[in-house]
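Note sheet for the following structure.
In this note's numbering, the protein residues as written are 619 to 796.
Following this line, the structure appears as structure tokens:
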């Protein structure tokens with residue numbers, strides 16, 4: 619199995635979201651005074667917990683699952699969303715802490731990694747990396763990059779992550795930038 623993240627989608631989520639949007643506009647039983655306080659994510663969660671999953675991993679699969687759901691589950695989707703609105707309307711201001719998105723999780727992980735990175739790298743080596751990367755990126759931008767600079771970057775990274783922990787500064791003879 620590869621490390622590549624597989625992409626798949628629960629088509630039922632798409633259909634429930636569409637039904638929620640439709641009912642927000644057309645369902646006259648939703649209290650107009652509460653419309654602004656209803657959290658559509660909570661309505662979707664309520665509905666999805668009462669409906670089957672319909673996963674697909676391709677564009678064709680999504681279309682097939684949509685057709686299947688419209689034929690087989692249209693009524694159930696409508697009912698589950700209607701019940702979801704009713705359940706959320708009963709207590710629209712109830713306290714709930716939303717889950718973070720996958721993007722927020724990635725950003726949080728990156729911040730933690732950078733903090734650890736900052737704590738573990740001697741400042742002298744970190745400034746060397748920054749100087750090199752600034753010079754390297756400017757040369758790329760100006761079309762001045764040579765294969766020698768690319769090789770230097772390779773060795774810079776290779777040396778830094780040596781398991782013996784010797785780091786970059788041991789080799790003073792290498793000009794890493796400029």
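We treat Cβ as the ideally placed atom computed from N, Cα and C, and that holds for glycine. Note that the structure is predicted; figures quoted are calculated from it, not measured.
Who are the near neighbours of residue i in its chain, counting only those whose CB is closer than 8 Å to its CB and skipping five residues on each side?
i           : result
residue 706 : 656, 657, 660, 661, 664
residue 646 : none
residue 619 : The predicted position of residue 619 is uncertain, since its pLDDT is 49 and thus under 50; a value taken from the coordinates is nonetheless stated next. For residue 619, where only same-chain residues beyond five positions count, there are no Cβ hits under 8 Å.
residue 771 : 750, 754
residue 624 : 675
If you drop the 5 nearest sequence neighbours on each side, which residues of the same chain put their C-beta closer than 6 Å to that of residue i?
i           : result
residue 668 : 698
residue 644 : none
Is it true that the CB of residue j sits closer than 9 Å to the CB of residue i?
i           : j           : result
residue 680 : residue 629 : yes
residue 686 : residue 672 : yes
residue 674 : residue 627 : yes
Using the beta-carbon count (16 or more within 10 Å), is residue i buried or exposed?
i           : result
residue 633 : buried
residue 641 : buried
residue 755 : exposed
residue 769 : exposed
residue 702 : buried
residue 758 : exposed
residue 689 : exposed
Excluding the 5 residues flanking residue i on each side, which residues of the same chain have their C-beta closer than 7 Å to its C-beta?
i           : result
residue 762 : none
| query | Is the region 624-638 touching the region 686-700, taking contact as three or more C-beta pairs under 8 Å? | reply | They touch, by the three-pair rule.
For this session: Return the chain-ordered ranges of every alpha helix (DSSP H) run that is complete within the region 623-703 and spans a minimum of 4 residues.
Result: Considered as a whole, the region 623-703 harbours 629-644, 658-666 as its complete alpha helix (DSSP H) runs of no fewer than 4 residues, in chain order.
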